[in-house]
Amino acid sequence: MDNAFGQPQNVIVLGGSSDIARAITRKLCAARAHTVVLAGRSQQLLDTAAAEAQEYGATKTDTVIFEATHTTNAGHIVSECFDKVGDRVDLVVVAIGLLANQFEIENDADKVNEMVMVNFAWPVVALAEIRRRLVEQGSGRILVISSVASVRVRRSMYLYAGAKAGLDRLCIGLADSLEGTGVSLQLLRPGVVRSRMTEGQSPVPFTTGVNEVAENVMRGFASGERVIWSPPLLRFVFAVLRHLPAPLYRKITADR
Amino acid sequence: MSTKFTGWGRTSASYATLCEPDSETQIVNEFAIEDDLIPRGLGRSYGDAAQVSGGVVMSNLALRSMGPIDDDGVVTLGAGISIDELLTISIPQGWFVPVTPGTRQVTIGGAVAADVHGKNHHVDGSFGAHVLSMRLVTPRGAWDISPTQDAELFWATTGAMGLTGMITSVTLRLLPIETDQVLVDTERFNTLDGVMASMREGDGAYQYSVAWVDCMTRGAHMGRSILTRATHARTQDVKEATLRAPQASKIVVPFDAPSGLLNPLTVRAFNELWFRSSPKFQQGESQSLTTFFHPLDGVRDWNRLYGKKGFVQYQFCVPDEEHETVVSCIDRLSSSGVASFLAVLKRFGPSNPGLLSFPMPGWTLALDLPVGPSSLPGVLDDLDELVLDAGGRIYLAKDARLAPEKARRMYPRVDDFLAIKERVDPQHQLTSDLARRLHLVGK
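So the sequences go chain by chain: L and G.
Residue 0 is where the first sequence starts when you use numbering that gives the first Met the number 0, and the numbers rise one by one after that.
Residue 0 is where the second sequence starts when you use numbering that gives the first Met the number 0, and the numbers rise one by one after that.
Laid out in structure tokens, this is it:
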């Protein structure tokens, strides 16, 4: 069960080996999480993340391997994670994402398909099953990792940001559908985070480390706010950016 | 159809089906068809004790029978009768409840389930000590239990937060009173050591004793306190001996205050004002029962002052010789910068045989803390360690955040409790969000 501070005990993390997911898992385990099921692509990376979770206080960890390239397996993978928890699930973190160099892939239909699949389609299908299981249980929390990039999609990463935008907007409606069920969905919109995913990108303002993101997530769990911005100031920055005239927005994001 | 439930602290909301049985048969039927159930009274537990997400919350508020008060003050009440309703009838007849918590808005069933204590624990014990018998409906049928008849189940139920079944009626012995007044002695102390020494030496001479401690002042005046102690006024003690029923509160908090209204700044200012407005030393002041016992009942829905995020109440007790733990806890809180209203400090007398009952001989401290500061969860986890090291425990009726392994160490008789629960609830149908969170029952 969640406690008064929104600290869960039984947790599933889809995309559990990503740097942000690992930072969140560490914080959760240091608080109250004792059962953690991590799902991802690489057994080796998941094992490392699971060992880390135990180091931080988890007493039971398990892993599930999957590829997010076809939506057909999504429901099954979610079920497997729930079964491995073997108890009521308090939190499901959806931390699946794929970033690629836009200019190298935008003319490659297969690559475009992969971007849309991993960042949008697969998580949406997985969310359908997560929603069903948690509503049936009558409690639980979902955290979906979106991105501030989805708030206003820019030229240099429109595939990634656009797919995330789809996921982000869909989740707003999904969250509304959960009113009165005992289940809630929160969106995390981080700015640029120093991690494996963003290695080699040119630096931008409001870049943070993964632990700072995790700290903001913990705060968001306690307050229950629907959208968690990290850093929180980005809420106001994007309130302005999203309304800039297109030519101006193109200009300031031209080299980013 | 789901209903939203929270405790009085308004944290950890959960949804469940609400049913309000008015007969034993209805309760039996619920047990026959439903899986996860928990009784609920007026919802004054601060945390998640009276809710069960995805299950069935059985309100006791329709169990409203009320027998006559006999010449010895013995009365049989439906579990859903509140202390407020009881006092409305009983005070004019010259009877008071033997134990009352800080609010009249609790049901008799809830008072047994939490084994509530009052300002007289050091002499009179907790609520369970005054219960002559009760009727308990469980998945394995209905039982009449008392300290002599199936004492095992009686003491497994007293303080067990509803986890053995639904209490439907309680037979209670009331306390005779001559007036509706108490005679109050008030004393102000600039240090915690001062007030604790005075309580240890002097509490025995009073039926009621409580100290309010300022947990925000640091330095030389850390833990400055106001100690109020009282006894019931007899006819000859007051000018006009009356026996009037308590009045309903006239002030209401109509909406949620903005979160952050109660912050270190405003709370410190309040504490200062409150401390200074109290007399340094005053003896024999006559106060109404309501003013002395239930000051917060004067403002309805006062929990809304803490805003949408709600608040947690932290209440622990430690053995007598561990008064240093009380000092350390207040020290830790006052230096952590989290806002806390005046804490309530009390002395406990002997405990009763209740397997999950809270009080143990020694000290108890309770304080309200608004949810918000990100340091708060960690600060309270640290306090848990101090309390555990001292051999103390946290009050389940207040808890909303304890870790399961610590709960087990604080309540070492959980396994004895489970063995008795098994007899009346073999399928573990009775469970709550609290029981799930603290791993108190099988599921």
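Just so you know, even glycine gets a beta-carbon here, dropped at the ideal spot from N, CA and C.
| Going along chain G in order, which residues have a C-beta closer than 7 Å to the C-beta of threonine 34 of chain L? | Per Cβ cutoff of 7 Å: no residues; threonine 34 of chain L is ~12 Å from chain G at best.
| For the region 132–146 of chain L, which residues have a CB atom closer than 7 Å to at least one CB atom of chain G, in sequence order? | Result list: Gln136, Gly137 and Ser138.
| query | If you pair each beta-carbon of the region 317–325 of chain G with each one of the region 18–27 of chain G, do three or more pairs fall below 8 Å? | reply | Cβ pair count under 8 Å is below three, so no.
| request: Identify which residue in G:Leu261, G:Val212 and G:Gly390 has its Cα closest to the Cα of leucine 446 of chain G. | output: The structure shown does not extend to residue 446 of chain G, since chain G is modelled only from 0 to 442, so the question has no answer here.
| query | Sorted by chain position, which residues of the same chain lie with C-beta nearer than 8 Å to serine 339 of chain G's C-beta, five sequence neighbours on each side aside? | reply | Result list for serine 339 of chain G: Cys214, Met215, Val266, Leu332, Leu366, Asp367 and Leu368, in chain order.
| Cβ contact (3+ pairs, closer than 8 Å) linking the region 130–144 of chain G and the region 217–234 of chain G | As far as the Cβ criterion goes, the region 130–144 of chain G does not touch the region 217–234 of chain G, which means the pair count is below three.
| message | For asparagine 9 of chain L, count the other beta carbons within 10 Å of its own beta carbon; 16 or more makes it buried, fewer makes it exposed. Which is it? | response | So asparagine 9 of chain L ends up on the buried side.
| Contacts around glutamate 84 of chain G, its chain only, beta-carbon distance under 8 Å, and the 5 residues preceding and following it disregarded | Excluding sequence neighbours, glutamate 84 of chain G sits near Met65.
| said: Below 8 Å on the Cβ atoms is my contact criterion, and I expect asparagine 48 of chain L with leucine 37 of chain L to pass it. Report the Cβ-Cβ distance as a whole number of Å. | reply: What sits at residue 48 of chain L in the sequence shown is alanine, not asparagine. The beta-carbon separation of alanine 48 of chain L and leucine 37 of chain L, rounded to 5 Å, stays under the 8 Å limit for a contact.
| message | So within the region 117–164 of chain L, which uninterrupted alpha helix (DSSP H) runs reach at least 4 residues, ignoring any that extend past its ends? | response | Counting only runs of 4 or more, we get 121–136.
| said: Which same chain residues end up closer than 6 Å to serine 1 of chain G when comparing Cβ atoms and leaving out the 5 residues on each side of it in sequence? | reply: Within the same chain, and ignoring the five residues on either side of serine 1 of chain G in sequence, the residues whose Cβ sits closer than 6 Å to its Cβ are Tyr14.
| task | Return the first residue and the last residue of the beta strand (DSSP E) that arginine 143 of chain G is part of. | result | The sequence as given places aspartate at residue 143 of chain G; arginine does not occur at that position. Unbroken beta strand (DSSP E) run through aspartate 143 of chain G: 140–144.
| field | Euclidean distance between Cα positions of valine 194 of chain G and glutamate 284 of chain G | value | The straight-line gap from Cα to Cα measures roughly 20 Å.
| query | Any C-beta of chain L sitting closer than 8 Å to the C-beta of aspartate 367 of chain G? | reply | For aspartate 367 of chain G, the nearest beta carbon of chain L is not closer than 8 Å to its own beta carbon.
| By DSSP, does phenylalanine 102 of chain L sit in helix, in strand, or in coil? | In the three-state reduction of the DSSP assignment, phenylalanine 102 of chain L falls in the helix class, which pools H, G and I.
| query | So, is leucine 401 of chain G buried or exposed, given that buried needs 16 or more other C-beta atoms within 10 angstroms? | reply | Burial state of leucine 401 of chain G is buried, judged by a 10 Å Cβ sphere holding 16 or more other Cβ atoms.
| Do glycine 14 of chain L and glycine 96 of chain L have their CB atoms nearer than 8 Å? | Yes, the pair counts as a contact, with Cβ atoms nearer than the cut-off.
| query | Under a CB-based cut-off of 8 Å, is glycine 46 of chain G close to chain L? | reply | Yes - at least one Cβ of chain L is within 8 Å of the one on glycine 46 of chain G.
| message | Here's the rule: buried if 16 or more other CB atoms are within 10 angstroms of the residue's CB, otherwise exposed. What is serine 443 of chain G? | response | It is not possible to answer for residue 443 of chain G, since the shown part of chain G is limited to 0 through 442.
| said: Let me make sure I understand the geometry here. Which of G:Gly158, G:Val136, G:His129 and G:Gly377 has the alpha-carbon closest to that of alanine 48 of chain G? | reply: Checking every option, the nearest Cα to that of alanine 48 of chain G belongs to G:Gly158.
| Whether valine 337 of chain G touches alanine 3 of chain L by CB criterion (8 Å) | Cβ atoms of valine 337 of chain G and alanine 3 of chain L: not closer than 8 Å.
| message | Counting only C-beta atoms, is alanine 3 of chain L closer than 8 Å to chain G at any point? | response | Output row for alanine 3 of chain L: interface = yes.
| query | Quick one: any contact between the region 162–180 of chain G and the region 194–204 of chain G, if contact means 3 or more CB pairs under 8 Å? | reply | No contact exists between the region 162–180 of chain G and the region 194–204 of chain G.
| query | In three-state DSSP terms, what is tryptophan 154 of chain G? | reply | Tryptophan 154 of chain G falls in the helix class under three-state DSSP.
| Where aspartate 82 of chain L falls: helix, strand or coil (DSSP) | Reduced to three states, the DSSP call for aspartate 82 of chain L is helix.
| What is the DSSP secondary structure of leucine 264 of chain G, reduced to helix, strand or coil? | Leucine 264 of chain G: helix per DSSP, three-state reduction.
| said: Among L:Ala127, L:Pro246, L:Gln101 and L:Ala20, whose alpha-carbon lies nearest the alpha-carbon of leucine 169 of chain L? | reply: Ranked by how close their Cα comes to the Cα of leucine 169 of chain L, the residues L:Ala127, L:Pro246, L:Gln101 and L:Ala20 have L:Ala127 in first place.
| request: Specify, as a first and last residue, the run of the beta strand (DSSP E) that aspartate 414 of chain G falls within. | output: Judged by DSSP secondary structure, aspartate 414 of chain G falls outside any beta strand (DSSP E) and instead within the alpha helix (DSSP H) spanning 413–423.
| query | Does DSSP put threonine 58 of chain L in a helix, a strand or coil? | reply | Looking at threonine 58 of chain L - three-state DSSP - the assignment turns out to be coil, as it is neither helix nor strand.
| DSSP three-state assignment for lysine 397 of chain G, whether helix, strand or coil | Secondary structure of lysine 397 of chain G (DSSP, three-state): coil.
| Which residues of chain G have a Cβ atom closer than 8 Å to the Cβ of arginine 31 of chain L, listed in chain order? | Think of a sphere of 8 Å around the beta carbon of arginine 31 of chain L: the chain G residues whose beta carbon falls inside it are Ala402, in chain order.
| field | DSSP-derived helix/strand/coil call for aspartate 179 of chain G | value | Coil.
| field | C-beta neighbour in chain L for threonine 10 of chain G, strict 8 Å | value | With 8 Å as the cut-off, threonine 10 of chain G counts as an interface residue toward chain L.
| Along chain G, in chain order, which residues have C-beta atoms closer than 8 Å to that of arginine 218 of chain L? | Taking a Cβ-Cβ threshold of 8 Å, the residues of chain G close to arginine 218 of chain L are Ser373, in chain order.
| Beta carbon proximity, serine 222 of chain L to chain G, threshold 8 Å | With 8 Å as the cut-off, serine 222 of chain L counts as an interface residue toward chain G.
| task | Kindly provide the ranges of any beta strand (DSSP E) runs that are 3 or more residues long and lie completely inside the region 81–135 of chain G, ordered along the chain. | result | DSSP runs (the beta strand (DSSP E)) wholly in the region 81–135 of chain G: none.
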